[in-house]
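Peer 1: Here's a structure for you.
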Amino acid sequence: MKNKIEKAKSLEELQALYTETFGKNGTMTAKLKTMATLSNEERAKVNAENTELRQLFKDKQSELENAALNAKLATEYVDVTLDCEPEQRGTLHPLTQSLKELSAIMESFGFTLWTGPEIEDDWHNFTALNTPEYHPARDMQDSFFVENGNVVRTQTSSIQIRAMEKVGVPIKMFAIGSTYRKEWDATHAPMFGQMEGLYVDKNVTMSDLIATMRALLSRFFERDIEIRIRPSYFPFTEPSVEFDMKWDNGKWLEIAGAGMVHPNVLKNCNVNPDEYQGFAFGFGWDRMAMLKYNLDDIRPIYDGDIRWLKNNGF
Ligand code: DAH
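Numbering (my numbering), first residue to last: 8 to 321.
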């Protein structure tokens with residue numbers, strides 16, 4: 008038996024030998040049962056054998072357990088010195104960055120942020136903005152119509168109406184969000200971003216509009232921005248203007264529509280135009296982001312491809 012124990016190759020094999028020796032019908036168990044009939048001398052011999060075998064089993068067991076552990080360590084180790092992929096840190100998308108910057112600037116000017124639904128009813132998107140049904144100006148915007156005569160809002164101007172209906176005047180609000188029109192090329196996406204500003208009070212003038220626009224652009228682009236205004240047309244403003252801004256290459260870029268809020272718009276919101284007047288402006292803030300970050304194609308901005316973002320330094 009000693010020999011067998013010595014040669015056991017696995018814990019299972021050792022367990023079998025143990026049962027063979029100390030089990031119910033084991034050889035040693037049988038010997039121990041005869042103890043009472045043995046002489047002192049023989050008894051001492053059996054005892055010694057018993058102790059020796061038990062020790063042998065114990066030693067062999069720890070030897071086999073160690074071997075099993077070592078085998079496991081040899082195959083299942085983790086090499087902590089191996090190089091691993093560098094940690095990837097996320098960054099804010101350029102549009103998100105611009106949205107936050109523009110919002111912070113408007114808030115610092117005392118304008119309050121308003122939001123509105125992206126599926127808008129005819130009243131807020133058109134009619135209240137002095138653009139009744141069959142008004143030719145509706146064609147200025149290729150609208151996506153949904154059920155019940157609603158549209159996916161074509162302009163954030165709808166939020167001017169919602170805000171004035173809710174809190175009246177005086178009001179100094181802005182809104183920034185997504186707008187939708189049927190167009191899709193390098194410079195137009197069917198979903199794009201607009202920002203809207205509205206300031207109505209008793210002494211608001213065109214000069215306030217010009218100063219606000221200039222300060223806003225200069226803060227956003229972090230340098231003094233030269234602007235000019237041209238006469239334009241929007242149903243919801245009178246007079247209406249278009250803002251241009253002088254870009255690095257000396258060219259004038261058309262960037263925003265604006266004007267003095269049309270009396271009809273004020274009336275539609277139960278505001279007396281003889282008492283109150285104000286300015287409003289609206290522009291594509293995703294275009295502002297493109298200018299600020301030197302991006303020339305609007306499409307990848309909305310693709311969500313991280314490789315493009317990384318290649319452009321975001
Ligand atoms: N809503 C206009 C557009 O989408 C932009 C605009 C022009 C907004 C003049 C205004 C405004 O608030 O006064 O083209």
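We put the CB at the ideal spot given by N, CA and C, even for glycine.
Where do the N-terminal and C-terminal ends of the alpha helix (DSSP H) with Ile313 fall, by residue?
Peer 2: What you label residue 313 is simply residue 306 of the sequence shown in a count that begins at 1. Taken as a continuous stretch (DSSP letters only), the alpha helix (DSSP H) holding Ile313 covers 313-318.
Peer 1: Using 8 Å as the Cβ pair cut-off and three pairs as the minimum, do the region 212-224 and the region 141-154 touch?
Peer 2: Short answer: they don't touch.
Peer 1: Which whole-angstrom value is the C-beta distance of Glu114 and Arg160, which I expect to be below 8 Å?
Peer 2: Here residue 114 refers to the residue found at position 107 when the sequence shown is read from its first residue. Here residue 160 refers to the residue found at position 153 when the sequence shown is read from its first residue. 23 Å between Cβ atoms; not a contact.
Peer 1: For Glu172, does the three-state DSSP call read helix, strand or coil?
Peer 2: Position 165 of the sequence shown, counted from the first residue, corresponds to residue 172. Helix.
Peer 1: What does a CB cutoff of less than 6 Å around Gly4 pick up in its chain, not counting 5 residues either side in sequence?
Peer 2: Past the boundaries of the shown model lies residue 4; the chain is included only from 8 to 321, so the question cannot be answered.
Peer 1: Quick check on Trp121: buried or exposed, where buried means 16 or more other Cβ atoms within 10 Å of its Cβ?
Peer 2: Reading the sequence shown from its first residue, position 114 is the one you call residue 121. Counting Cβ neighbours within 10 Å, Trp121 comes out buried, since at least 16 surround it.
Peer 1: Helix, strand or coil: how does DSSP classify Lys16 here?
Peer 2: The count along the sequence shown starts at 1 and reaches residue 16 at position 9. Reduced to three states, the DSSP call for Lys16 is coil.
Peer 1: Checking 8 Å against the spacing of the C-beta atoms, do Phe243 and Val268 come in under that value?
Peer 2: The residue you call residue 243 lines up with position 236 of the sequence shown. The residue you call residue 268 lines up with position 261 of the sequence shown. It is a contact, given that the beta carbons lie within the stated cut-off.
Peer 1: For Ile236, tell me which candidate among Phe228, Val248, Arg230, Ser225 has the shortest Cα-Cα distance.
Peer 2: For the purposes of this step, residue 236 is identified with residue 229 of the sequence shown, where counting begins at 1. The candidate whose alpha carbon is nearest that of Ile236 is Val248.
Peer 1: Please name the residue in Pro246, Asp304, Lys253 whose C-alpha comes closest to that of Gly266.
Peer 2: For the purposes of this step, residue 266 is identified with residue 259 of the sequence shown, where counting begins at 1. Of Pro246, Asp304, Lys253, the residue nearest in Cα terms is Pro246.
Peer 1: Helix, strand or coil for Gln201, going by three-state DSSP, please let me know.
Peer 2: Start at 1 with the first residue of the sequence shown, and residue 201 comes out as number 194. Strand.
Peer 1: At a cut-off of 7 Å, would you count Phe243 as near the ligand DAH, judging by its Cβ distance to the nearest heavy atom?
Peer 2: The count along the sequence shown starts at 1 and reaches residue 243 at position 236. Yes, the ligand DAH has a heavy atom inside 7 Å of this Cβ.
Peer 1: Between Thr119 and Lys179, is the Cβ-Cβ spacing less than 8 Å?
Peer 2: Numbered from 1 along the sequence shown, position 112 holds the residue referred to as residue 119. Numbered from 1 along the sequence shown, position 172 holds the residue referred to as residue 179. Yes, the pair counts as a contact, with Cβ atoms nearer than the cut-off.
Peer 1: If you follow the beta strand (DSSP E) that Thr186 is part of, which residue opens it and which one closes it?
Peer 2: Position 179 of the sequence shown, counted from the first residue, corresponds to residue 186. Run containing Thr186: 178-187, per the beta strand (DSSP E) assignment.
Peer 1: Within the continuous beta strand (DSSP E) that includes Asp251, where are the two ends?
Peer 2: The sequence position of residue 251 within the sequence shown is 244, counting from 1. Run containing Asp251: 244-253, per the beta strand (DSSP E) assignment.
Peer 1: Could you tell me whether the Cβ of Leu302 comes closer than 8 Å to any Cβ of chain B?
Peer 2: Checking the listed chains, one finds no chain B in this structure; it contains a single protein chain.
Peer 1: Does Thr88 pass the burial test, meaning 16 or more other C-beta atoms within 10 Å, or should it be called exposed?
Peer 2: The residue labelled residue 88 in the question sits at position 81 within the sequence shown. Thr88 should be labelled exposed.
Peer 1: When burial is assigned at 16 or more other CB atoms within 10 Å of the CB, is Trp191 buried or exposed?
Peer 2: For the purposes of this step, residue 191 is taken as the residue at position 184 of the sequence shown. Label assigned to Trp191: exposed.
Peer 1: Return the bridge partner residues of His195 from the DSSP annotation.
Peer 2: Walking along the sequence shown from the start, residue 195 turns up at place 188. Answer is Asp192, bridged to His195.
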